[in-house]
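Chains as they are written, first to last, in the numbering used here: chain A, 217 to 473; chain B, 7 to 353; chain C, -6 to 288.
We put the CB at the ideal spot given by N, CA and C, even for glycine.
Keep in mind that this is a model prediction, so the values were computed, not measured.
This report concerns only the one structure given below.
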Amino acid sequence: MNLRRLPLTREISLAVLVYLYVPVVVLIVYSFNANRTATVWSETSLDWYRKILVNPSIRDATWNSLVLATAAGIGATLLALAAALGMKSGFRGKGAVEAVLNAPLILPEVVVAVATLMLFVAIGIDMGLAAMIPAHIAFCIPFAYLPIKARLQGMNPSLEEAAQDLYANRFVTFRRVTLPLLWPGIMAGFTLAFVTSLDDFLTSFFLSGPGSTTLPVYIFSAIRAGITPEINAISTIMLIVSVALVVTSFLLGKMRR
Amino acid sequence: MKWNGFLTASILAFTVAGAAMAEEEKVLYFYNWTDYYPPELLAKFEAETGIKVIQDGYDSNETLIAKLQAGGAAYDVIVPTDYVIAGMITDGLLQPINAAEMSNFQYVKDAFKDPEFDPGRIYTAPYTWGVTGIAYDSAQVPGGKLDDSWSVFFEPPPELEGKIAALDIGSELIQAAALYLGLPQCTESNDDAAKIYALLEAQKPKLKMYSADSTVDRMASGEVAMHHLWSGATARAHEIKDTVRFIYPSEGTPMFRDNFAMPVGAPHPENARIFINWMMAPENAAAVTNAIAYANSIESAEFLDDKWKDAESVNMPPEFADRLVPTEVCSPAAQELRDKIWTRLKG
Amino acid sequence: MSATSPFRRAGLVGPALLVVLVLIGVPLGIMAWVSLLGRGATIGVDWTSAPSFANYTKLVWEEDFDGTLLFNPTYLSILWRSVWQAAATTAICVGLGLPVALWMSSLSRGARDMAVLLITIPFWTNLLVRNYAWLIILREDGLVSQTANAIWPFGPVQLLYNDAAILIGLVYSFLPFMILPIYAGFEKFDWRLLEAAYDLGANRRRALTRVIVPLAMPGIIAGSMLVFIPSLGSFVTAAILGGGKSMMMGNLIQLQFGQSRNWPFGAAISVVLLALMMLVLMGIALWKTRQEAKR
C-alpha cells in the first residue's frame, strides 16, 4: 500500500520544511528584538510593533501593497480565467497565443519596467496606483493562467454537456457547474498572482507616484540604513494576515466543493 | 502659524505664476532618501503650516534621475546630491526656487551659500552634508589606532585581511582609489584606469564583501573591523558600539552635499517653497542632524544634541576642512572607463 | 458547448492577449529599439543617435585599457557563472522537490492541502527580508556556522559571501516553483499502476526509474522553466548573500539601469538574455516532441 513512501521521502520532506521555515522563524523572533541593530540580539520588546502604528510611511506602504496585490490578483485571475476557457479546445495558432500569455515569465523585469514607464509617459498616464495596477495585471497573468489551465485539463466535459441537456442555459451551466469545478484552480491562480504582485519591487518602483510607495519599494529603499526590526515586525504582521487569508480561502474553497 | 502669512506674502513677491497659488491644495509631495528625514519633524511641519506631507523614498541619485528623466515623477521637493545637480539643471529637470531670497537663508553656513554646482543658489537649498571615509573598530585593530590614510583600506595590515567591507558602489570605490593614487577622479586616461583597476583587483581578496546595505549593523555587530563608509552611518554605529572610529583620509576625503530642489512639473510649488524655507530654520535643521546623524548646512550648533557635538564623524574638526574633495561629474568617456573597471573587477 | 466558436473564443482570449501585448509586448519593442541607440549625456537614451549594433558587439569585443580592441571574456564569464548557478539551483530543486512531491501525494486529502499551504506561506514575506534572515542564520558567530566548524575537521568553514551562500539563497527562493508542478503531476496519477508493477516483480529501483521519473517528467520540465529562467535574472541574492564579489546577469542589467546609467547597453544585454532563454525553451519543446515520438 505504501508504495508512494519510497525510503527517505518523508525525512527529506521534513528537512525541506525546516529549511523553508527557519528564516521565517528568525525574522519573527528578531521582530521582538529591542536592539535597533537587526543582527544583534539584546532583549525582548514590542516597541517595533508600536513604532509601526505611528510610522505613516510603513502603514501607507502596507496598505498600498495590499490594494495593489488584490486589484492585480483579481484582474489577472479574471483575464486568465476567460483566456483559459477560450483556450479549452484546440485551434490554429494556439501555441503562439499560449506563448504570448506566458511571455511575462521570461522577460527581465527591469527592462519591462523602465520601458513601461517610457510608454506611460509617452501616452500621458500619470504615475501612481492607476498606472501600477494594469502593469501588475499584465505580469501576473501567467501565474493565474497556468493553474487554471491545469485544472481545466483535468475536468470532465460530460458534466457540462449533461447540464445543457437538462436545458440549463450557458450562464447557468457556467455558474452552477463550470465555476464550482474550476474553483480550486481559480483560487490557486489568484493566490500565486497575489503573492507575485505583493513581492514586486521593480515595476512598482518605476511606476509609483506620490503617495503610492508599496512595501517592497519602502523596504528596498530603506535597506541602505539596514533591515530594521520595524521591517521584521511588518513582515510578521503580513505573514499573519496571509496565513489568515489563505486559510479562509482554502476553507471557502472546500465549502464550494 | 503667525509667520506663515508673512512668508506666503514674501514668496508671492518673486513668484511669476502667482495667480494659481491661492487655490493650492495644502499638500506636499516629498521624495527623499528613505530614512533620511525624521517622521516627528514632518508632524511638526504639518502642525505649524497645515500642509500635509506625503513622503516617498528612493535609494540613489541614479534612480531618482531615471524617474525624473522619463517624466514619471510629479513630486514637489526632491533631495539630489551635489554632483548630479549641474546635469539636472542642464537637462531642464529643475525649476528655480531662488533660495537665496528666502527669509531663512541668512542662517545658511557661508561655505554652503554659493556652491559651484548652483551659483547663487537659484535651483537648490542646502540640506545635509557628509563625507565618505573609513570606519574602523578600534577594539579589533592592532594598536587601537589607524593612520589617517586610504592606505589602511587599500593595502591593509595582514591582521585585518578578510575583515574589511567596501561600499558596493562603483563610483565611490573608484573615486577613493583615484584619490589614494593621486589620479584625477574622473580620469579619461586608459593608463590611470589600468592603475585603479590593478589596485582594486589586488585589494579584492582581502575584502570580506562589497556592500552598501545595512552598513550600520555590520560595524555595530563587529562583523567587520573596517568599513569604507559614510560619516553619518559611522556615527550611528558609534552610538551602538563606542569603539567605532572614523577616518578622514589625508589624500582626500570625498564630500557630498545633499540639497532640496523642486522638479519641473511640481504640483504644489508654493508649498515646496514654504517647506524649503522652513527647513533652513536652525531648530528644524538641527532636528534632522539629531535624528539621522548627518551634519546640516545651517548655523544650528546651539540646538544640536551633546552626543553629536563630540562625535568627529558628525561634527568635523575644522583642521580636516582642507582634506574635503567635492565629487566631480564624469564625462561619458570617463564613465565608460569606470564601468569597465567595475565590471572587470566583478566579472 | 464542446466546440467553442471562433468569435466567442476571441472574446474570451482577447482581453488577456491584448493586455499582455500592450503592456509587455510594446515595452519590449521600445527596449529592442533602445538597445540600438547610444547612451544619453546624463542618463537614459540619446534618441537622436544613429542606430547601430555597437551595444551588442561590446559584449564580446572591447577596447582594453591599453587601447587595443580585444576579445573580452568579462561578460561571457558573467553569463557562464549565471548559467552555471541557475543550472545548479534547478538541479538541487529537482533533487529536493521530487521526494517532497512524492511525500505530499502520499498524504491524505486534507493533509495534502495543508502541505501545499505550508510550502507557500514563507513566500508571503518580502524577498529582501528573506535574504536578510539567511544572512543572520549563516553569519560567522551564528549557531549554524559554529556547528559546521565543530563538525568539519579541515579548517574554518565560511558559509557566507561565496557561491554556496548564493545557491542556498536561490534554492530557497525558487523551491516551491519546482515542488508544486511535480506534485500536480502526481496528484492525477493512479497509484495502482505502481502496485501492479510491484506485483509483476519490479524492484524499487525499477519502479523509480520506469514509473515515477517518467510520471514526474512534465512537472520537472515545467518546474525547471519556472526555476531556471528567474534565477538567471535574479540580482538580490548575489548582492546580499554573495557579498557582491561577483556579478550575475541580473546584477549586470541592474547596474546599467542604475549606477552606470547606460540604458541602451542594459537593453542590449536583456535582448541577448531573452534570446538565450528562447533557445532553452525551444530546446525543451524539441526534446518533448522527440520523447513523445519515441513512445
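Helix or strand or just coil, what does DSSP make of residue i?
i, result
"ARG367(A)", "helix"
"PHE160(B)", "helix"
"HIS274(B)", "coil"
"TRP314(B)", "helix"
"MET27(B)", "Low confidence applies here, because MET27(B) scores a pLDDT of 48, under 50, leaving its location unreliable; read the following figure in that light. Here MET27(B) sits in helix by DSSP."
"TRP39(B)", "strand"
"TRP348(B)", "helix"
"VAL83(B)", "strand"
"TRP54(C)", "strand"
"PRO358(A)", "helix"
"VAL137(B)", "strand"
"GLN61(B)", "strand"
"LYS73(B)", "helix"
"GLN151(C)", "coil"
"THR260(A)", "strand"
"ALA81(C)", "helix"
"MET24(C)", "helix"
Do you know whose CA, among the options, lies nearest residue i's CA?
i, options, result
"ILE253(B)", "PHE266(B), ALA239(B), LEU189(B), ASP198(B)", "ALA239(B)"
"GLU229(B)", "ASP198(B), GLY168(B), LEU351(B)", "GLY168(B)"
"VAL19(C)", "GLU376(A), PHE336(A), TYR361(A)", "PHE336(A)"
"SER247(A)", "ALA449(A), LEU467(A), TYR361(A)", "ALA449(A)"
"GLU194(B)", "GLU30(B), TRP39(B), GLU334(B)", "GLU334(B)"
"GLY289(A)", "THR430(A), CYS356(A), VAL327(A), TRP264(A)", "CYS356(A)"
"PRO272(A)", "GLU446(A), VAL463(A), PHE410(A)", "GLU446(A)"
"TRP135(B)", "SER109(B), ILE282(B), ALA301(B), LEU351(B)", "ALA301(B)"
"CYS336(B)", "LEU48(B), GLY176(B), THR349(B), PRO255(B)", "GLY176(B)"
"ARG367(A)", "VAL242(A), ARG440(A), LYS304(A)", "LYS304(A)"
"LEU152(C)", "ASP88(B), ASP154(B), LYS214(B)", "LYS214(B)"
Measure the alpha-carbon distance for residue i versus residue j and round it to whole angstroms.
i, j, result
"GLN78(C)", "ILE180(B)", "28 Å"
"MET94(B)", "ILE71(B)", "8 Å"
"MET27(B)", "VAL85(B)", "Because MET27(B) sits at a pLDDT of 48, beneath the cut-off of 50, its placement in the model cannot be relied upon, and the following sentence gives the value as read from the coordinates. Computed Cα separation, rounded: 23 Å."
"ARG344(B)", "LEU128(C)", "30 Å"
"LEU34(B)", "ALA292(A)", "34 Å"
"MET225(B)", "LEU323(A)", "38 Å"
"LEU10(C)", "ILE402(A)", "18 Å"
"TYR125(C)", "PRO102(B)", "42 Å"
"GLY4(C)", "GLY302(A)", "8 Å"
"PRO269(B)", "ASN104(B)", "13 Å"
"ALA231(A)", "LEU224(A)", "10 Å"
"GLN209(B)", "GLU161(B)", "7 Å"
"LYS119(B)", "ALA106(B)", "8 Å"
"ASP328(B)", "GLU122(B)", "16 Å"
Whole-angstrom Cβ separation of residue i and residue j, contact assumed at under 8 Å?
i, j, result
"PRO432(A)", "PHE417(A)", "4 Å"
"PHE266(B)", "THR130(B)", "6 Å"
"LEU163(C)", "THR67(C)", "The pair is not a contact, with the Cβ atoms about 22 Å apart (cut-off 8 Å)."
"PHE326(B)", "HIS234(B)", "Not confirmed; about 18 Å, so no contact."
"PRO223(C)", "PHE167(C)", "6 Å"
"LEU299(C)", "VAL122(C)", "What the structure shows of chain C is the stretch from -6 to 288, and residue 299(C) is not part of that stretch, so it cannot be assessed."
"VAL316(A)", "VAL13(C)", "6 Å"
"LEU295(A)", "ILE353(A)", "7 Å"
Report yes if the C-beta distance between residue i and residue j is below 7 Å; otherwise report no.
i, j, result
"MET343(A)", "GLY425(A)", "yes"
"VAL331(B)", "SER237(B)", "no"
"GLY31(C)", "SER42(C)", "yes"
"TYR213(C)", "VAL87(C)", "First, the amino acid is wrong: residue 213(C) is Ile here, not Tyr. A contact, by the Cβ cut-off of 7 Å."
"ILE347(B)", "TYR203(B)", "yes"
"THR40(B)", "ALA329(A)", "no"
"SER75(C)", "LEU225(C)", "yes"
"VAL320(B)", "ALA243(B)", "no"
"PRO132(B)", "SER303(B)", "yes"
"ALA189(C)", "VAL204(C)", "no"
"SER229(A)", "VAL93(C)", "yes"
"TYR216(B)", "GLY251(C)", "no"
"GLY150(B)", "SER144(B)", "yes"
Hey, is residue i close to the ligand COA, as in C-beta under 6 Å from one of its heavy atoms?
i, result
"PHE262(B)", "Annotation note on the ligand COA: not contained in the displayed structure, which lists no ligands."
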